[in-house]
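A short worksheet on the structure shown next.
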Amino acid sequence: MCGIIGAIAQRDVQPILIEGLRRLEYRGYDSAGMVVMDPQGRLQRERSVGKVEALAQRVAGSGLTGTLGIAHTRWATHGGPTERNAHPHLSGERIAVVHNGIIENYQALRDDLKARGFEFTSDTDTEVIAHQIMDYCQQGHDLLEAVRRATAHFSGAYALGVISRDEPDRLIAVREGSPLIIGLGIGEHFIASDIQAMLPVTQRFVYLENGDIAELRRDSHRILDADGQAVDRPVTESSLTAGAADRGRFRHFMLKEIHEQPRAVAETLEGRLAPDGVLEGIMGPGSEEILAQVKSVQILACGTSYHAGLVASYWIEGLLGLPCRVEVASEFRYRRHAVLPDCLLVTISQSGETADSLAALRQAREDDYLGSLAICNVPESSLVRESDMVLMTHAGPEIGVASTKAFTTQLVALFLLVLSLGRHHGLAPARAQSFVEQLRALPAALEKVLALDTPIERLAMGLADKHHALFLGRGCHYPIALEGALKLKEISYIHAEAYPAGELKHGPLALVDADMPVVVVAPNNHLLEKLKSNLEEVRARGGHLMVFTDDVAALGSDGAIQSLAVPPVDDWLSAIIHTVPLQLLSYHTAILKGTDVDQPRNLAKSVTVE
Ligand code: AGP
């Protein structure tokens, strides 16, 4: 979604804003823009369609400079990705606004403001914000009060950065639904949608709560809560450094993040395992009491995180015998649902700011769940703060839009949940101990999968000129097939669908011919013989099979089947291992197709609007 960066300082903020935008670009990359108050006190604006680099060149050419400014990278919702729709939006050269989120009632506000003489120059919902604030400024209110009054008109979700030509010493920030963070400096303050954007200038942050309005001056900041009362929000020191979001020696963030998985998995396990199981209390104080009462589990998530939830449902039902439901959050939030008895609610999200997942959590909190657990990668996110229990994935910042290390660390965290529940629900200690050993061996096994990069690159050559692909799996490897198909769609734009292999003959087999590659996740387990029959069905119809297995001998490799061996691990955990070759297959296919791997078209990293 859109990204906001703003700064008020004693030095020139233009380079800070440009660097911040580069670091936010993964959130949205349709267009970008900035407004800086120049030394004459004028609001100077530059905007550009496309990547931040285009804006950076334009800004360098125009010599924009000043000590107060706001900037934005856009992911279009209302109005196409054009320069006139790019933020910041102005009202009368006097007020400038950047916005992340959606003003749902913008049409009514727009009609009203138009009728009262305000002129609109864009198709966005954001422009009403600038004019509404201007309206109150014209009535004699200062900027803070004008923003406060204006926001009372808005419904929807929004994070705002606002500056006024008449008030060169303040930057106003508002948070309602969409994330916004204050960065604290010495003699300077910043705002941004995430801390990555501010790491080059500070490591001290204040997370705004919903309804907060903040007034930032060069040497102070003040926060008012939703009731207009001054509040102190805690200051958080981040251990992340500016370099955490660099590509390093890798060509793309996605490739770097794929290769970080052994380390990320090791860090997600770090400090949580005892020799015979999972340490008590890893989900926070009081969590063991809740886990002991659990008789069922409801998982909610979106996209890749939803696929992690699906894998976990096989584990929870298969290993513990506890009923487990998984649903995409955008469906769950809008339907009446029956709560299972003594049910633990689990939400899974890399960002912890996904609008649908957050809304589903908030709605479910009204229901009769035992408690809520967030599995998340961002400690200060809304999802974490609003859940009763937390199990952090320690993947580190994930910048590539296509989720990779976040997924494998979610699976690891979910397996820790299974072992924690297992302690209260009859998982034999010897079994738990063996799982602990297998978990500890995962990073080394992942390293071995990464060494398959070159043969996987060769497989990708058979995929890159195709328009469609089928992915098949069985059991807990079916969600891995779903995730593989999602990765391929997202970054190579090849149409890909995943099916449980047994479903093939119930319809999708009709699609199979020489132009339909079929990618199969085929560990040697109790379902392998069944799966082999499914492969024969494909082979008999001239289909080309790409098979990832831990037993090539059992499947063979010939003209119609290309098999690649991944290291054998316990069958329950092999879902984690089998994920990685599918990530590499998508990556190399996208490279061959020449698509924008880290910033695929139409997508955004953190989906903070509906
Ligand atoms: C993953 O590759 C996707 N870009 C997307 O499906 C993502 O997983 C989804 O939007 C959920 O995000 P979250 O994990 O941050 O909630």
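The sequence shown begins at 67 in this note's numbering and counts up one residue at a time.
Don't be surprised by glycine CBs; every beta carbon is placed ideally from N, CA and C.
query	result
Contact set for L457: own chain, Cβ-Cβ below 6 Å, skip 5 residues either direction	M349, I441 and A479
Contact test: G550 Cβ vs ligand 1 heavy atom, cutoff 7 Å	no
Check: T420 C-beta below 7 Å from any heavy atom of ligand 1	yes
Whole-angstrom distance between S629 and L621, CA atom to CA atom	7 Å
Residue burial classification, M200 (beta-carbon count within 10 angstroms, cutoff 16)	buried
The stretch 137-148 contacting the stretch 178-194, beta-carbon criterion three pairs below 8 Å	yes
Nearest-angstrom Cα separation, counted from V228 out to E211	12 Å
Residue interval of the beta strand (DSSP E) (run including A73)	G69 to I74
In DSSP terms, what Q110 is bridged to	V102
Enclosing alpha helix (DSSP H) for C203 [first to last residue]	E193 to Q204
Unbroken beta strand (DSSP E) run spanning A367, endpoints	S362 to A367
Close Cβ partners of A687 (< 7 Å) along its chain, the five nearest in sequence each way excluded	Any question about residue 687 goes unanswered here, given that the chain covers just 67 to 676.
Cα-Cα separation, S417 to P445	9 Å
Close beta carbons around M122, own chain, < 6 Å, minus the five adjacent residues each side	Met is not the amino acid found at residue 122; the sequence shown has Ala there. Here the set comprises I84.
Distance cut-off 7 Å: A425 Cβ against heavy atoms of ligand 1	no
Residues sharing a beta bridge with C390, DSSP	V363
Proximity to T302 [Cα-Cα], best of R88, L552, V635 and G251	G251
Range covered by the beta strand (DSSP E) that runs through Y565	H561 to P566
Backbone secondary structure at F256 - three-state DSSP	strand
Contact under 8 Å by Cβ, Q429 with R401	no
Rounded distance between the beta-carbons of G94 and G69, thought under 8 Å	6 Å
Inter-stretch contact (C-beta, 8 Å, three-pair minimum) for the stretch 631-642 and the stretch 513-532	yes
Rounded C-alpha distance that separates L593 from N600	11 Å
Pick from V450, S448, V467 and Q476 that is closest to A461, judged by C-alpha positions	Q476
Start-end ranges of the alpha helix (DSSP H) lying completely within the stretch 493-534, minimum 4 residues	495-516 and 519-527
Three-pair Cβ contact test at 8 Å for the stretch 114-131 versus the stretch 154-167	no
DSSP-derived helix/strand/coil call for R431	coil
Closest by C-alpha distance to H287, when choosing among I74, E354 and F319	I74
Status (buried if at least 16 other CB within 10 Å, exposed otherwise) for A152	buried
Enclosing beta strand (DSSP E) for N166 [first to last residue]	I161 to I169
F473 in three-state terms, based on DSSP	helix
L90 beta carbon near ligand 1 (any heavy atom closer than 7 Å)	no
Reduced DSSP secondary structure (H/G/I, E/B, other) of F677	Only positions 67 to 676 of the chain appear in this structure, which leaves residue 677 out of reach.
Cβ-Cβ distance between D664 and M100 below 8 Å	no
For L554 and I560, the rounded distance between their alpha carbons	6 Å
beta-carbon V663 near ligand 1 non-hydrogen atom, thresh 7 Å	no
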